[in-house]
Amino acid sequence: MKKISRRTKKKVKNRKRRHKRVRKNIIGTPNKPRLSVYKSNKYIYAQLIDDINEETIAAASTLKSEIRDSVDNTSNKEAAEEVGKLIAELAKENNIKEVVFDNGGFKFHGRIASLADAARDNGLKF
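In UniProt numbering, the protein residues as written are 1 to 126.
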């Protein structure tokens, strides 16, 4: 049991280290906010963040009832695509066309890539 928990702690620590490296170079502005993505084992979250004014412009996740009702499983690629579509719609409502993508230290693969592709297909540029 100790080896598993140590390995898990190391994975989280390494992801946070990668995220710090990414965040050094990425800054969200009111015109071009940061699209921050986080995934857990059960859910996926996306936020549009203005780092200059330190505020969240829009947020979407698989915890929202409209997404949870439309998908069977909240932790797969289909759910990530729904979150990508929703965050793109929220961006359009706030007159945002371009964002800076922040993968949160996760690989651009699987659920993260599905979310990003869905957001691109629905009008966001990054």
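Beta carbons are placed, not taken as given, at the ideal position from N, Cα and C, and that holds for glycine.
Selection from the options that minimises the alpha carbon distance to residue i
i: Leu48; options: Pro33, Thr62, Lys16; result: Pro33
i: Ala58; options: Ser70, Ile67, Ser36, Ser40; result: Ser36
i: Glu81; options: Lys20, Arg15, Lys13, Tyr43; result: Tyr43
i: Arg18; options: Ser114, Ala118, Lys92, Asp102; result: Asp102
i: Arg111; options: Ile67, Glu78, Arg23; result: Glu78
i: Ser65; options: Arg120, Asn25, Leu86, Asp117; result: Leu86
i: Val22; options: Asp121, Asn73, Ala116, Phe106; result: Phe106
i: Glu89; options: Asp69, Asp121, Val71, Ile27; result: Asp121
Exposure of residue i, with buried meaning 16 or more beta-carbon neighbours within 10 Å
i: Thr29; result: exposed
i: Val12; result: exposed
i: Thr8; result: exposed
i: Ile96; result: buried
i: Ser61; result: buried
i: Thr56; result: exposed
i: Gly84; result: buried
i: Ser114; result: buried
Per DSSP, the bridge partner or partners of residue i
i: Phe101; result: Leu35
i: Thr56; result: Ile49
i: Ile27; result: Bridge partners of Ile27: none, in fact.
i: Ile44; result: Lys39
i: Ser61; result: Tyr45
Same chain only: Cβ atoms within 7 Å of residue i, ignoring 5 sequence neighbours per side
i: Ile52; result: Thr29, Pro30
i: Leu63; result: Tyr43
i: Gly104; result: His19, Ser36, Val37, Tyr38
Cut-off 8 Å between Cβ atoms - residues of its own chain near residue i, not counting five sequence neighbours on either side
i: Lys125; result: Lys97, Glu98, Val99
Close Cβ partners of residue i (< 6 Å) along its chain, the five nearest in sequence each way excluded
i: Ile27; result: Asp51
* **Within the region 81–126, ranges of the beta strand (DSSP E) (whole runs, at least 3 residues)** => The region 81–126 is shown to contain whole beta strand (DSSP E) runs of 3 or more residues at 100–102, in chain order.
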